[in-house]
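Undergrad:
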Amino acid sequence: MPTAEKAVLHDQYDPVGLPDYDREFIKPEELKAFEKALHAPEASPLVAINDWRPINQRVRKTRGRRKAPKRSKDETREGVLYTVLKWPFLFTVFAWIAVLSCGYVLVRVYILVYEQCVTWRGKRQRLRRGLWAQKDYASWLSSAQALDAYLGNDKWKETDEYAYYDHLTITKVVDQLKTARYEAERELNGGETSAIEELSALLEACVKNNFAGVENPRMYSEAYSGTKDLVQEYIDEVHTCIELVRDYRQIDREIKYRLFKHLDTNFGRTALCLSGGATFAYYHFGVVKSLLENGVLPEIITGTSGGALVAGLVATRTDEELKQLLVPALAHRIRACHEGFFQWSSRWWKTGARFDTIDWARQCSWFCRGSMTFREAYERTGRILNVSCVPSDPHSPTILANYLTAPDCVIWSAVLASAAVPGILNPVVLMTKKPNGTLAPYSFGHKWKDGSLRTDIPIKALNLHFNVNFTIVSQVNPHINLFFFSSRGTVGRPVTHRKGRGWRGGFLGTAIEQYIKLDLNKWLRVLRHLELLPRPLGQDWSEIWLQKFSGTVTIWPKSIPSDFVHILSDPTPERLARMIHVGQQSAFPKIQFITNRLKIEKSIMRGLQQHSTTGGRSLSPILSRRMQAPELEPSDVISQRLDASFPERHEDGDSRYVDVSDSMSHSTASSRPQTPTRRGSLIEEIRRQSAVFFDDTDIYGDDDALVT
């Protein structure tokens with residue numbers, strides 16, 4: 001190994017090179033305030049001491065007081081037949097589920113053996129090994145193109161026809177865009193605007209989410225690199241036209257603003273969703289590093305449980321800081337599981353939780369830059385952090401904490417709440433930062449716990465908040481990893497046999513796999529809807545199987561058996577280096593798809609921010625998040641960011657964008673003048689404010705909830 005490479009490798013393992021490695025961001029008084037809030041009685045008298053001691057425990061009677069009324073009987077569980085048939089039916093269904101599970105494992109083993117022993121042989125196997133041995137995307141792309149050339153996938157790219165998109169419409173649109181663009185370029189010095197107006201009309205008609213099927217994941221699932229040449233030509237032409245319209249000086253600024261606002265509404269936003277999964281979540285570091293190095297890291301990031309810790313690190317650091325942090329030396333700062341067996345077992349026996357909440361708060365605060373709030377993180381980096389938290393009571397809806405719903409909520413408290421798995425960490429109190437900088441309990445001091453129990457991937461809430469309709473999901477949950485099966489291939493990973501065509505394991509193998517999985521899903525739903533499932537620790541555990549775990553693009557880092565052994569232990573630098581590498585490798589096949597998506601999205605955002613005005617002032621770009629100075633921006637600049645991202649309603653009837661200044665008024669009212677805004681009715685606003693918290697299948701329905 002050359003000396004230069006050795007020096008770089010040494011720097012990656014040296015913790016001294018990490019930004020703020022020895023700095024403790026959190027203050028002792030903030031930890032004391034958190035500890036006081038944890039031990040304070042909640043507003044509700046029916047509160048469990050911990051997950052293992054339910055609220056209906058026996059208590060000593062007090063003389064001289066009226067007896068408390070008995071708990072009402074659950075009407076849905078009345079009747080003799082329910083009592084008689086419950087356990088026999090439950091036992092029969094569980095036995096059948098066990099049989100189906102064994103059958104499913106056998107089918108997957110057959111398909112794996114078929115693919116490894118029959119398909120991957122000779123030169124094809126050598127090319128594939130070279131593909132997964134690459135450490136950067138440029139080298140990976142070169143190897144992928146060589147594999148495509150050997151398999152004949154280049155011919156598929158050159159052919160326009162394909163069943164999963166409308167190639168005739170795309171061909172016609174590309175021709176019209178080129179003609180209008182050429183005419184508009186000739187009119188640049190002539191003062192006319194007829195061609196540019198026609199080009200704007202064409203863009204407004206075709207710039208939509210998954211227009212004519214060009215964003216169908218199947219378009220990127222037939223080759224290891226890229227997509228149809230016609231689709232790529234369409235993406236590039238739309239991007240060029242948007243840039244031309246944005247810089248065209250003959251068009252009025254207000255007209256441009258309305259155009260880009262409509263394009264933004266129709267096209268939507270992209271979000272990176274990091275799942276839970278205990279220490280499996282460290283694979284997210286590699287996924288984030290791959291997206292960051294290739295310039296396709298979305299501005300909107302959500303994390304749940306272990307993924308919330310990674311999302312907190314990403315949302316509170318600038319790009320330059322992240323490049324220095326996402327290295328194996330980061331393992332020296334991961335100290336959540338440093339206690340010995342006797343210490344944590346004693347705590348578990350006394351409190352019902354393996355880990356100490358205060359110690360975790362201290363460790364987590366470094367990843368979140370101390371007691372930084374969601375709004376402060378947005379101010380510092382421009383990234384929008386979202387964390388899913390589940391209330392400790394089984395009836396209240398989940399909350400997706402972000403700079404709109406909980407702007408002054410402290411990030412590390414939300415990360416702890418999202419990671420509070422029953423038996424691992426007891427429910428915690430969210431903390432909010434007061435104007436004077438001190439911490440206080442949030443939401444009446446109610447307690448919250450693991451977000452993966454209900455909403456591992458909060459797609460609906462993201463759409464309500466930020467118009468997200470394209471999700472990049474990094475999924476590492478070990479209990480569902482086995483059930484992820486792309487029968488027709490996935491983005492950047494075609495079917496292994498028949499040169500990327502056909503079905504994995506043949507049609508019969510795929511049919512059996514799909515039938516067994518759907519049958520498992522059916523019986524789990526039957527048990528839940530008939531309320532036959534037991535509720536250990538007072539928690540409905542069915543959602544850890546029945547919620548939706550995938551997105552538009554789903555990245556599945558490949559785990560190894562030793563990950564299960566170390567599921568509750570801190571990683572060594574060597575193990576973290578492997579997880580980062582695997583995370584990068586799993587993201588490489590998706591880069592081209594994400595690049596094409598963000599190429600148009602970022603062009604629209606630049607046009608929107610460039611031509612937006614409020615009170616005669618130019619708005620600051622929301623995407624200019626690469627700030628070198630750690631100081632926070634003034635409130636009026638943040639107000640401009642919000643106005644650029646969520647402009648007020650206009651007479652044209654577009655109601656997706658609403659003014660969010662009310663949710664920030666308690667912090668910005670004193671620093672900037674209030675501008676009149678157009679709002680809907682009071683009932684409509686109340687409904688919107690209450691709906692943005694929800695992402696439960698109980699509220700929205702579970703039509704699209706799947707095992708995988």
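Heads up, the sequence shown is in full-length UniProt numbering, so the first residue is 1 and it goes up one at a time. We put the CB at the ideal spot given by N, CA and C, even for glycine.
(1) Taking all protein chains shown into account, do 16 or more other C-beta atoms lie within 10 angstroms of the C-beta of residue 182, making it buried, or fewer, making it exposed?
(2) Find out if the Cβ-Cβ distance for the pair residue 462, residue 300 is shorter than 9 Å.
(3) Return yes when the Cβ of residue 573 is within less than 9 Å of the Cβ of residue 325, no when it is not.
(4) For residue 285, count neighbouring C-beta atoms within 10 Å of its own C-beta (all shown protein chains included) and say buried if the count is 16 or more, exposed if not.
(5) Where residue 197 and residue 231 are concerned, what is the direct C-alpha to C-alpha distance, given to the nearest angstrom?
(6) What does the alpha-carbon distance come out to for the pair residue 534 and residue 527?
(7) Residue range of the beta strand (DSSP E) that residue 476 falls in?
(8) Starting from residue 337, trace the alpha helix (DSSP H) in both directions and tell me its first and last residue.
(9) How is the alpha helix (DSSP H) around residue 546 delimited, first residue to last?
(10) Checking 9 Å against the spacing of the C-beta atoms, do residue 468 and residue 270 come in under that value?
(11) Look up residue 19 in the DSSP assignment and say whether it is helix, strand or coil.
(12) Locate the beta strand (DSSP E) running through residue 300, then write down its first and last residues.
(13) In this structure, how does DSSP classify residue 279 when only helix, strand and coil are distinguished?
(14) Between which residues of its own chain and residue 97 is the CB-CB distance below 7 Å, once the five residues before and five after are set aside?
(15) Do the segment 220 to 234 and the segment 584 to 600 make contact, defined as three or more Cβ pairs closer than 8 Å?
(16) Give the secondary structure of residue 608 by DSSP, where H, G and I count as helix, E and B as strand, and everything else as coil.
(17) Taking Cβ to Cβ, would you say residue 141 is nearer than 9 Å to residue 594?
(18) How close, in whole Å, do the beta carbons of residue 123 and residue 150 come, if the pair is a contact with beta carbons under 8 Å?
(19) Does residue 429 pass the burial test, meaning 16 or more other C-beta atoms within 10 Å, or should it be called exposed?
(20) Mind checking residue 205: buried by the 16 CB within 10 Å criterion, or exposed?
(21) Could you give the distance in angstroms between the alpha-carbon of residue 24 and the alpha-carbon of residue 370?
(22) In chain order, what residues of the same chain lie with their CB nearer than 8 Å to the CB of residue 581, ignoring the 5 residues before and after it?
(23) Go ahead and pull the three-state DSSP assignment for residue 287.
(24) For the beta strand (DSSP E) containing residue 553, name the first residue and the last one.
(25) Quick check: residue 605 and residue 34, are their CB atoms within less than 9 Å of each other?
(26) Using three-state DSSP, classify residue 431 as helix, strand or coil.
(27) By Cβ distance, which residues of its chain are closer than 8 Å to residue 629, with the 5 residues on each side in sequence left out?
(28) From residue 505 to residue 599, what does the alpha carbon distance come to, in whole angstroms?
(29) Please determine, among 80, 422, 207, the residue with the shortest C-alpha to C-alpha distance to residue 170.
(30) To the nearest angstrom, report how far apart residue 488 and residue 609 are at their CA atoms.
(31) Starting from the N-terminal side, write out each stretch of the beta strand (DSSP E) that is 3 residues or longer and does not extend beyond the segment 123 to 173.
(32) CA-CA distance, residue 100 and residue 544?
(33) Among the candidates 243, 511, 313, whose CA atom is the shortest distance from the CA of residue 260?
(34) Which runs of the alpha helix (DSSP H), 4 residues or longer, sit entirely within the segment 366 to 453?
(35) So who's on the other strand from residue 273, going by DSSP bridges?
(36) Classify residue 556: buried if its beta carbon has 16 or more other beta carbons within 10 angstroms, exposed otherwise.
TA: Let's see:
(1) exposed
(2) yes
(3) no
(4) buried
(5) 24 Å
(6) 10 Å
(7) No beta strand (DSSP E) holds residue 476; DSSP gives it neither H nor E.
(8) Residue 337 -> no alpha helix (DSSP H), and no H or E assigned at all.
(9) 543 to 546
(10) yes
(11) coil
(12) 300 to 303
(13) helix
(14) 520, 523
(15) yes
(16) helix
(17) no
(18) 7 Å
(19) buried
(20) exposed
(21) 8 Å
(22) 135, 286
(23) helix
(24) 553 to 555
(25) no
(26) strand
(27) Unreliable placement is indicated for residue 629, whose pLDDT of 34 sits below 50; no coordinate value is reported for it.
(28) 36 Å
(29) 207
(30) 40 Å
(31) none
(32) 18 Å
(33) 243
(34) 374 to 381, 411 to 418
(35) 302, 473
(36) buried
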